[in-house]
DNA sequence: AACGAAACCTGCGCGC
DNA sequence: TGCGCGCAGGTTTCGT
């Protein structure tokens, strides 16, 4: 499910679990825990202080530990009661002392969790490599990185070490808003264009956050959340351009489905 | 170092 | 009806 707006939306709901204490943990499918994770059972008796996000990552603050969670393609959380039956694809249950059960559900089993010491958080490679989120991204630095890339800008923007938080849908939308052809190589872009990409990213992500994210493909939404940003998509999954009314192109770039208007995006 | 492709998984819709 | 293929909001790893 998740790009930055969806992850923010999930975090908002997860924060309703704040100040609850873990009673026990049920691990049904072990592989969703990273190999390099501390023992998840160290969380027993710990209290959830807050759920923060970093790009597409969820960071659960459990006192001296942080539980890092990445939903990848289809990870979801559901808040249930401890005695509720497990449904298919529920892999982990964090059970709290008040009988609340936080269930991690992931059809494709791509998502990962990793428990680390809070004071070691800054040493976690997958997090330290991340670029800034668009909201506080240094435009000069962004331009420098992008202008070294001899790959389509579509692929560049999916690289979280260059800009953090965009996924396939929002990259498609950002490039339309920036009027840039997704096949354009990074090295071909001007500073003005890379600045525009950052501005568009901020605007589109903020709007999507406000709408609770995007819900497509009739996914069962996480935590009962149904975002509304699908009603504002201008190219992703669209048939015709809302500006020039020409047919929206759907091609593969780097294996990812890319929607764009060949008239508006030069 | 940088890039493309494969790997990691399951379920759904489509064409034959 | 059944089967095979392609597709899905992501990241890491492997080979060139």
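Residue numbers (this note's numbering): 46 to 311.
All C-beta atoms, glycine included, are put in the ideal place defined by N, C-alpha and C.
Tell me the residue span of the alpha helix (DSSP H) that contains residue 205.
To locate residue 205, count along the first chain from 1; it is residue 160. First-last for residue 205: undefined, no H or E at that position.
| message | Just to confirm the assignment, what range does the beta strand (DSSP E) spanning residue 215 have? | response | For the purposes of this step, residue 215 is taken as residue 170 along the first chain, with counting starting at 1. It is not in any beta strand (DSSP E) - residue 215 instead sits in the alpha helix (DSSP H) that spans 213 to 222.
Check your understanding: Where residue 127 and residue 109 are concerned, what is the direct C-alpha to C-alpha distance, given to the nearest angstrom?
Key -> For this step, residue 127 is matched to residue 82 along the first chain. For this step, residue 109 is matched to residue 64 along the first chain. Taking the straight line from one Cα to the other gives about 25 Å.
I need the straight-line Cα distance from residue 217 to residue 241, nearest angstrom please. Your numbering for residue 217 matches position 172 in the first chain. Your numbering for residue 241 matches position 196 in the first chain. Spanning the two alpha carbons is a distance of roughly 14 Å.
Smallest Cα separation from residue 79: which of 180, 116, 93, 160? In the first chain, the residue the question calls residue 79 occupies position 34. Comparing Cα positions, the closest option is 160.
How many Å lie between residue 281 and residue 186 at the Cα?
Translated into the one-based positions of the first chain, residue 281 becomes position 236. Translated into the one-based positions of the first chain, residue 186 becomes position 141. When rounded, the distance between both Cα atoms is 28 Å.
| task | Report the partner residues of residue 86 according to the DSSP bridge assignment. | result | Against the first chain, residue 86 aligns to sequence position 41. The partner list for residue 86 (beta bridge, DSSP) is empty, contrary to what the question assumes.
Fill in: Nearest neighbour of residue 208, chosen from 220, 84, 177 [CA to CA]
Here residue 208 is taken as the residue at index 163 of the first chain, counted from 1. Answer by Cα proximity: 177.
### Query
Rounded to a whole number of angstroms, what is the C-alpha to C-alpha distance between residue 93 and residue 201?
Start at 1 with the first residue of the first chain, and residue 93 comes out as number 48. Start at 1 with the first residue of the first chain, and residue 201 comes out as number 156. About 36 Å.
Checklist entry - What is the DSSP secondary structure of residue 76, counted as helix, strand or coil? => result Within the first chain, residue 76 is the residue found at index 31, counting from 1. Three-state DSSP puts residue 76 in a helix.
For this session: Apply the 10 Å Cβ neighbour rule to residue 132 and answer buried if 16 or more other Cβ atoms are within range, or exposed otherwise.
Result: Against the first chain, residue 132 aligns to sequence position 87. With fewer than 16 other Cβ atoms within 10 Å, it is exposed.
Is any heavy atom of the ligand SAM found at a distance shorter than 8 Å from the C-beta of residue 242? Absent from the structure shown: the ligand SAM. Ligands present: none.
For residue 198 and residue 231, which I take to be in contact (beta-carbon distance under 8 Å), what is that distance rounded to the nearest angstrom? As a position in the first chain, residue 198 is number 153, starting the count at 1. As a position in the first chain, residue 231 is number 186, starting the count at 1. Confirmed, about 6 Å.
Quick check: the stretch 138 to 157 against the stretch 115 to 129, are there 3 or more CB pairs under 8 Å? By the C-beta criterion, the stretch 138 to 157 is judged to be in contact with the stretch 115 to 129, since at least 3 inter-stretch pairs fall below 8 Å.
*Tell me which same chain residues have a C-beta within less than 6 Å of the C-beta of residue 228, skipping the five on either side of it?*
Sequence index remark: in the first chain, residue 228 carries index 183 (1-based). Closer than 6 Å at Cβ, skipping near neighbours: 197.
If I measure Cβ to Cβ from residue 153 and keep anything under 7 Å in the same chain, skipping five residues before and after, which residues do I get?
Residue 153 sits at position 108 when you count from the first residue of the first chain. Within the same chain, 118, 119 come within 7 Å of residue 153 by CB-CB distance, once the 5 residues on both sides are set aside.
By how many angstroms is the C-alpha of residue 71 removed from the C-alpha of residue 182?
In the first chain, residue 182 corresponds to position 137, counting from 1. In the first chain, residue 71 corresponds to position 26, counting from 1. Distance between the alpha carbons of residue 182 and residue 71: 39 Å.
* To do: Would you mind giving the Cβ-Cβ distance between residue 312 and residue 189, rounded to the nearest angstrom? I have them listed as a contact below 8 Å.
  => This structure leaves residue 312 out entirely; the chain is present only between 46 and 311.
> From 273, 306, 291, pick the residue whose C-alpha is nearest to that of residue 51; which is it?
Replying inline: In the first chain, residue 51 corresponds to position 6, counting from 1. Considering only alpha carbons, the answer is 273.
Note to self: Our contact map puts residue 310 next to residue 251 with C-beta atoms below 8 Å; I'd like the distance itself, whole angstroms only.
What the structure shows: As a working note, residue 310 is residue 265 in the first chain. As a working note, residue 251 is residue 206 in the first chain. Actually they do not touch by this definition, with Cβ atoms about 22 Å apart.
Return the residue from the list 57, 305, 296 that minimises the CA-CA distance to residue 278.
-> For the purposes of this step, residue 278 is taken as the residue at position 233 of the first chain. It is 305 whose Cα lies nearest to the Cα of residue 278.
- Query: DSSP state of residue 281, grouped into three classes?
  - Reply: Walking along the first chain from the start, residue 281 turns up at place 236. In this structure, residue 281 counts as coil in the three-state DSSP scheme.
- Tell me whether residue 95 sits in a helix, a strand or coil according to DSSP, three-state version. Along the first chain, read from residue 1 onward, the residue named residue 95 stands at position 50. Of the three classes helix, strand and coil, the one that applies to residue 95 here is strand, per DSSP.
message: Using only the alpha-carbon positions, how far apart do residue 22 and residue 49 sit?
response: Residue numbering for the chain in the displayed model covers 46 to 311; residue 22 lies beyond these limits and cannot be assessed.
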